[in-house]
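Novice: Right, I'll just put the structure down here and ask away after.
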Amino acid sequence: RAAGVLAGRHVLVTAGPTHEPIDPVRYIANRSSGKQGFAIAAALAELGARVTLVAGPVALATPAGVDRVDVETAAEMAAAVGAALPADAAVMVAAVADWRVEQAAAQKLKKDAAAPAPLALVANPDILAGLSTDPRRPRLLVGFAAETEQVVAHATAKRARKGADWIVANDVSGDVMGGDANAVQLVTAQGFETWERLPKAAVAARLAERIAAALAG
Ligand code: C5P
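Structure below.
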């Protein structure tokens with residue numbers, strides 16, 4: 078097969094949820110399946126990119142030609158992203174937990190206590206925002222926004238707040254999380270585009286083409 082349009086490029090992708098431990102057997106999680114991020118990693122590799130996929134806990138096979146780094150927590154994801162730099166582009170698809178338990182218990186919490194212990198939470202690092210101000214910032218930085226209302230307005234604000242070049246916004250009020258289709262809006266410095274509802278693989282292929290065009294330009 079001829080060398081793809083992304084040959085010689087390194088693209089970093091984060092995908093999946095993170096798990097934040099409460100004690101040795103319990104954790105805080107979210108409904109991210111990792112499907113969209115894995116599809117994007119696969120599409121980028123198909124175009125010839127070297128792809129590093131930093132994956133939270135998901136039940137998905139590694140796409141062909143992709144270097145996968147498995148992590149559990151947001152802190153581990155942040156460290157793996159840093160270790161994977163430099164990259165020409167980064168696509169941050171992971172649904173990173175916003176908070177973690179400040180001090181995970183070393184032993185299993187027992188339910189026979191008089192009242193359940195309150196969980197003290199602390200904020201996790203924002204990996205995308207951190208990358209945007211990093212001296213090794215990838216030339217193209219793409220974030221995702223999962224919203225349930227005012228999707229474009231929230232994504233446009235998120236693009237500015239996080240210092241991303243593009244935000245891929247999706248409305249997750251329906252069956253997107255865990256499903257095989259996605260309806261996204263691409264928010265860039267120029268405004269926004271609405272893409273028709275497509276299989277996640279097709280969203281990934283279109284986004285990979287756009288990334289290739291942006292890195293070529
Ligand atoms: O703020 P919010 O979680 O909605 O932002 C979503 C975007 O930011 C996604 O691209 C996600 O991967 C990224 N993010 C991150 N680190 C966090 C939180 C979100 O990289 N701690």
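Convert by adding 77 to the 1-based position in the sequence shown; the result is the number in the working numbering.
Glycine included, every Cβ here is placed at the ideal spot set by N, Cα and C.
Being a predicted model, the structure only gives us computed values, none of them experimental.
1. Got a list of residues with beta-carbon closer than 5 Å to any non-hydrogen atom of ligand 1, in chain order?
2. Tell me whether residue 173 is buried or exposed, calling it buried when 16 or more other Cβ atoms sit within 10 Å of its Cβ.
3. DSSP has residue 243 in a bridge; who is on the other side?
4. Could you spell out where the beta strand (DSSP E) holding residue 268 opens and where it closes?
5. Could you compute how far the alpha carbon of residue 114 sits from the alpha carbon of residue 257?
6. For the 8 Å Cβ check, are there 3 or more pairs between the stretch 188-197 and the stretch 143-154?
7. Is the beta carbon of residue 264 less than 8 Å from the beta carbon of residue 225?
8. Taking the alpha carbon of residue 169 as the reference point, which residue from 96, 85, 83 and 221 has its own alpha carbon closest?
Specialist: In short, the structure shows the following:
1. 169, 171, 173, 201, 203, 204, 205, 220 and 221
2. buried
3. 219
4. 268-271
5. 12 Å
6. no
7. no
8. 221
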